[in-house]
Amino acid sequence: MIAKFLLAIGLAVLMVVSGTTSYIYLSTRQSKAVAAPQKPTITPRAKQVTLPGTIYLVQSGALYSFSVGRFHQLTPEAGWTMPALYPDGSQLLAVKRSAFYSDVYVLSRFGNVTGTLTNNQAAPRNRWDPGANAWSFYPRLSSDQRTLFMSYDGPKTAGDANFNVVMQVWGVPIGAAIRQGRSWTTANDYTGGDMQPLPLPAGGIIYTKYSYDSNGNRVGQLWFTNRAGSFGKALTPQAASCAQPSLSPDALNIAMICTYGKQVSYLTIATWNGSTLGPLQTVISDQLVAQPIWAPDGSGIAYLAPGGPAAPFQLWWLPKARYAPPAPSPVPVPTPTPGGPLNAPLPTPSPVAVPTPQVVKPVQITTNLGFDATSPLAWLG
Amino acid sequence: MPLGFKPGHRARASRGRLSPFRTLTIALLAIALSATAGGFAYFIPAAVTAWNATAQVVNVPSPSPATILFSPSPSPSQAPQSEGAFTVLLLGSDDDSKFFADHVLTQSMILVRVVPATKEVTMLSIPRDLYVQGYGKIDGAYSYGGAGAAIAVVQQNFRVHVDDYIWVGLLGLIKVIDAIGGIDVVTTNPVLDDYYPSDVYGGSPYETQRVAVLAGPQHLDGLHAMEYVRSRHGDLQSDFGRSKRQQQVLMAIRQKAKQLAPGDIPALAAAIGGELKTSIGLDRVARLIPLAASFDNPDSIRQIVLVPPYTHGGGPDGSITPNWSLILPLVHQYFP
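These protein sequence lines are chains L and E, in that order.
In this text, residue positions in the first sequence follow my numbering: the first is 293, and each later residue adds one.
In this text, residue positions in the second sequence follow my numbering: the first is 7, and each later residue adds one.
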């Protein structure tokens, strides 16, 4: 009798354990696709690649630095985005985004706020209308560090209350009030406007202008303008729909992404002679590439792209050999032997195996971190 | 005979003690049963949600005297069509506190035709402000008569047969995208809106908020995906531009759904709870999931938006006037 009782107890325990285990096992069988990204505090997988210098990037509203294979969180998760370095590398610019407005801040390279360059918060026009606030996005400094360039939809007046939110590229003297700044571009209405200014060392800016093509689709184009208020000129065709320009350290190449109006994104580079771009060269066409940035030493391009199908964006590295392969070594050509018999056939060269060019693949630096792909990367050499 | 030993005692003791084989068999049975029960417990909430959301029976008002009972699938399409082809009407509504339950406008109406044999999908976005007889703007049909009225008005005006419908609420889309871990989308341009309705998590459904969804490839969570597909004030094409974005997001959801595992179903069902209704039966849903996964060529998905000259503005009460002489041949071509 006792044995049966013990058996019943044992079976009951066994069933509870078995049922619970089954439930827990199934709950652990969720796909990795739905798993939330981790915080970038771990050492990335690709230990064989050590990127030079320090990269600044963003996850969940916090700025991180990535140096010698390790991440360091610089700010709390409080709407921080779009880091950009001072040209001398001494400080950082970054945007702090709130619900209705965003401002440009100056931070030390370790994330301490040292100043504010804009003041975009405004009282609501009425209870239903927060449109008097303004956005500042994509801040960059001119090479002399005297002018702040940014995409900006202000300043606002009471008569501005309409549906057309116009982001234009503004240039504002550092530390000056916005009224001392000037709009460098004239954006197309109802397009999203002009974004991502890239100040050039020789003066002028390259930026992304959004417009409608002949089919009514909205497309991005790289434009160049060399002074405030000038019309400027398009650098890329509408059909390529390019955006997110990045200048190489030698200022001779531009990296960008082009989507060709589809749900794809190609890493594209082109030569730059100071006023025009060379032919567009697609470097990567099988990833959803975002925010390319050149390594300060010219050894490659870092960018963000999903770690898998429909997954959050990770940090990737493309060595220079992929887009600028070294010139092949010359194949030896047989020469007639001096003093050889006249009219004799030339010696047939022994077949030389021509080395197959090795395809250099992008290297995935992080695996499950999920970076903000709308925020440009900054890279300090 | 030893003292205290009675004849038959050993036999009874032997009968009362279980043999090792029987004990093992019972234990294995118990493990199998309880493991199965644990599995059921895991999937029961999802099954209940699916049961409640699917196989909705709706009454489709018809111009003919007899009312057609619109029943769950499988329902053969009346139009001549390819083997197994079917047409679904996708409806999306902002079901916030501005509206009474089930009396909401459909901000999004997309006719989807699926041809399994050729793995072709056609999505036709119907402008929500399209003028139709009886309702004015077509988005009011669902508000007045539920899914049945929405289906009827589409069938009568577009001369198509709708096999099934799927309705998703505002929060439903947000929760579904969050439940599948977000989606990857290439936003074609910055979507900026100073008068976006603050009705999802805001204090009053009549308040507005500022929205800025930046351009480029990105991973969107549910809230930002909703902002991307719902905003229209900053778009010269207004509802047409929004329709294009809605189709982009639908395709991104489909792409992400291919990565999911059965273990994700309960979380997904919990997200959907009360925010999704469909006339498609549970058995058919089970058959459609692998079918959807097999559609892996994005070029086989045709996207149609009824921009001018198919429609033009200036209709009554701000509605959009349809040019049926252009629309109907187009619809007939892709929704035979």
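Even glycine gets a Cβ: it sits at the ideal position worked out from N, Cα and C.
For phenylalanine 297 of chain L, the enclosing alpha helix (DSSP H) covers residues 294 to 320. Between leucine 298 of chain L and chain E, the shortest Cβ-Cβ separation is not below 8 Å. Note on valine 54 of chain E: under 16 other CB atoms within 10 angstroms of its CB, so exposed under the neighbour-count rule. Ranking L:Val651, L:Ala535, L:Ala603 by CA distance to the CA of threonine 560 of chain L puts L:Ala535 first. Cβ-Cβ separation between glycine 371 of chain L and serine 390 of chain L: approximately 6 Å, consistent with a contact (criterion under 8 Å). By the C-beta density criterion, serine 249 of chain E is buried, having at least 16 other C-beta atoms within 10 angstroms.
Taking the Cα of glycine 599 of chain L as reference, the smallest distance to any Cα among E:Ile189, E:Tyr340, E:Thr327, E:Ala43 is reached at E:Ile189. In this model, valine 458 of chain L and glutamate 89 of chain E are separated by some 50 Å (Cα to Cα). Histidine 318 of chain E sits exposed, since fewer than 16 C-beta atoms from the chains shown fall within 10 Å of its C-beta.
When secondary structure is reduced to three states using DSSP, methionine 257 of chain E falls in the helix class. From the beta-carbon of arginine 216 of chain E, the residues of chain L found nearer than 9 Å are Ala391, Phe392, Tyr393, Pro422, Gly423, Asn425, Trp427, Val457.
Contacts between tyrosine 315 of chain L and chain E, judged by CB atoms closer than 7 Å, involve Gly44, Ala47, Tyr48 in chain order. Here the stretch 475 to 489 of chain L makes contact with the stretch 500 to 514 of chain L; the two share three or more CB pairs at distances below 8 Å.
Of the candidates E:Pro268, E:Asp135, E:Val159, the residue whose Cα lies closest to the Cα of leucine 318 of chain L is E:Pro268. Assignment of lysine 125 of chain E by DSSP, reduced to helix, strand and coil, places it in the coil class. Taking a 10 Å sphere around the C-beta of arginine 519 of chain L, we find fewer than 16 other C-beta atoms and assign the residue as exposed. At a cut-off of 8 Å between beta-carbon atoms, serine 310 of chain L makes contact with chain E.
In this structure, DSSP gives threonine 568 of chain L a state outside helix and strand, which the three-state scheme calls coil. Interface with chain E (8 Å Cβ-Cβ cutoff): glycine 446 of chain L is excluded. Under the DSSP assignment, threonine 284 of chain E falls in the beta strand (DSSP E) whose first and last residues are 282 to 284. For serine 300 of chain E, not one C-beta of chain L is nearer than 8 Å to its own C-beta.
Contact annotation, asparagine 509 of chain L with glycine 553 of chain L: C-beta distance approximately 6 Å; criterion of less than 8 Å satisfied. Secondary structure at proline 604 of chain L: coil, using DSSP grouped into helix, strand and coil. Within chain L, the residues Ala602 have their CB atoms less than 7 Å from the CB of isoleucine 189 of chain E, given in chain order. The Cβ neighbour count for glutamate 233 of chain E, taken over all protein chains shown within 10 Å, is at least 16; the residue is labelled buried. Assigned with DSSP and collapsed to three states, glutamine 62 of chain E falls in coil, not helix or strand. Boundaries of the alpha helix (DSSP H) around arginine 614 of chain L: 612 to 615.
Under the Cβ distance rule, serine 40 of chain E counts among the residues neighbouring chain L, one pair being separated by less than 8 Å. One alpha carbon belongs to leucine 242 of chain E, the other to isoleucine 333 of chain E, and they sit about 22 Å apart. Beyond the five residues adjoining it in sequence on each side, tyrosine 378 of chain L comes within less than 8 Å, by CB distance, of Leu384, Leu385, Leu433, Gln437 in the same chain, given in chain order. According to the DSSP secondary-structure assignment, phenylalanine 363 of chain L is paired through a beta bridge with L:Phe358. In the three-state DSSP reduction, glycine 151 of chain E falls in the helix class (H, G or I). With contact defined as three or more Cβ pairs closer than 8 Å, the stretch 34 to 46 of chain E and the stretch 248 to 266 of chain E are not in contact.
In the displayed model, asparagine 545 of chain L falls within a strand according to three-state DSSP. For isoleucine 310 of chain E, the enclosing beta strand (DSSP E) has its first and last residue at 307 to 311.
Residue pairing for threonine 342 of chain L: DSSP places it in no beta bridge.
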